[in-house]
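The structure under discussion appears below in the form of structure tokens.
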Amino acid sequence: MPKNPNLTLGGPDLAALLCSRVCHDIISPVGAINNGLELLDEGAADADALDLIRTSAMNASVRLKFARLAFGASGSVGASIDTGEAEKAAKEFAVAEKKTEVSWNGPRAIIPKNRVKLLLNLFTVAYGGIPRGGSLDVTLENPEFDAKFIITIKGRMMRVPAKFVEVLSGAMEEAVDAHTIQPYYTVLLADECGMDLKYVVSEDKITFIAETVPAEVPAVSEEV
25 MPKNPNLTLG GPDLAALLCS RVCHDIISPV GAINNGLELL DEGAADADAL
75 DLIRTSAMNA SVRLKFARLA FGASGSVGAS IDTGEAEKAA KEFAVAEKKT
125 EVSWNGPRAI IPKNRVKLLL NLFTVAYGGI PRGGSLDVTL ENPEFDAKFI
175 ITIKGRMMRV PAKFVEVLSG AMEEAVDAHT IQPYYTVLLA DECGMDLKYV
225 VSEDKITFIA ETVPAEVPAV SEEV
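Everything in the sequence shown is counted per this note's numbering, starting at 25 for the first residue and increasing by one.
So, in structure tokens, the structure goes:
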């Protein structure tokens with residue numbers, strides 16, 4: 025049973041909204057590819073049209089690779105994933121966006137895929153907290169066991185995404201939609217992984233943390 029009262033979506037609705045999110049992310053670069061082809065048809069300068077097509081195709085490819093790890097199955101049920109793949113996907117995503125510098129620290133490890141998905145979804149939440157760009161630092165501590173993921177952002181107009189705050193607090197006022205599904209999925213993954221989510225707001229940075237919840241030690245009754 026989920027700890028957060030907001031986590032009420034059934035499987036079909038969750039799948040449909042995640043598909044909508046992925047489509048939203050790639051429709052812009054795919055549309056730009058089409059625009060480039062139309063420019064070629066209209067006799068525009070080949071170099072300009074080809075540059076638009078090349079840049080947009082790379083952007084679409086990067087977004088799809090990221091989505092495959094962050095939202096997709098990425099292998100069979102219960103599979104594990106190399107955190108190096110997550111690092112590559114995150115850095116390529118930032119390079120394609122051209123507005124945020126990403127650093128990645130911590131040991132490379134093969135861990136359960138839901139932990140990798142949580143890491144990348146928390147990365148997405150944090151990335152959305154610096155819409156004007158800036159820096160984003162990812163730190164992995166003990167990823168194979170009692171994992172702790174720390175993501176720190178710095179930049180102009182930084183803020184904690186409002187939808188993430190709503191879902192995490194358990195006080196959503198509206199139904200989950202295509203705009204809310206990504207932070208919703210982040211909180212759901214944390215619940216599935218047995219990890220707590222929190223954020224700390226400072227004057228010059230915001231830190232997002234996912235930390236493994238310590239296992240409860242069963243009480244030992246004393247015999248009289």
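C-beta: ideal position from N, C-alpha, C; glycine also. Keep in mind that this is a model prediction, so the values were computed, not measured.
- Classified as exposed, residue 181 has fewer than 16 neighbouring CB atoms from the shown chains inside 10 Å of its CB.
- By the neighbour-count definition (other C-beta atoms within 10 Å, threshold 16), residue 179 is a buried residue.
- Of the residues assessed, residue 173 falls on the buried side of the cut-off, its CB having 16 or more other CB atoms within 10 angstroms.
- Residue environment analysis places residue 42 among the buried positions, since at least 16 neighbouring C-beta atoms fall within 10 angstroms of its C-beta.
- Shown here, residue 50 sits in a helix according to DSSP, grouped into three states.
- Between residue 60 and the set 51, 225, 49 and 75, the nearest pair of CA atoms involves 75.
- The beta carbon of residue 130 lies closer than 7 Å to those of 163, 164, 165 and 167 in the same chain, with the five residues before and after it left out.
- Beta-bridge pairing by DSSP links residue 111 to no other residue.
- Here the alpha carbon of residue 77 sits roughly 5 Å from the alpha carbon of residue 57.
- For residue 232, the uninterrupted beta strand (DSSP E) segment begins and ends at 230-236.
- Shown here, residue 221 sits in a strand according to DSSP, grouped into three states.
- As far as DSSP is concerned, residue 77 takes part in no beta bridge.
- Pairing residue 209 with residue 37, the inter-Cα distance amounts to about 12 Å.
- Contact between residue 236 and residue 171 is confirmed by a C-beta separation of about 5 Å, below the 8 Å threshold.
- Contact fails between the stretch 120-129 and the stretch 199-208, because fewer than three Cβ pairs, one in each stretch, are under 8 Å apart.
- Inter-residue distance for residue 188 and residue 71 is about 42 Å (C-alpha atoms, whole angstroms).
- The continuous beta strand (DSSP E) containing residue 162 extends over residues 158-165.
- With 16 or more other CB atoms across the displayed protein chains lying within 10 angstroms of its CB, residue 80 is buried.
- By the neighbour-count criterion, in which a residue is buried when 16 or more other Cβ atoms sit within 10 angstroms of its Cβ, residue 47 is exposed.
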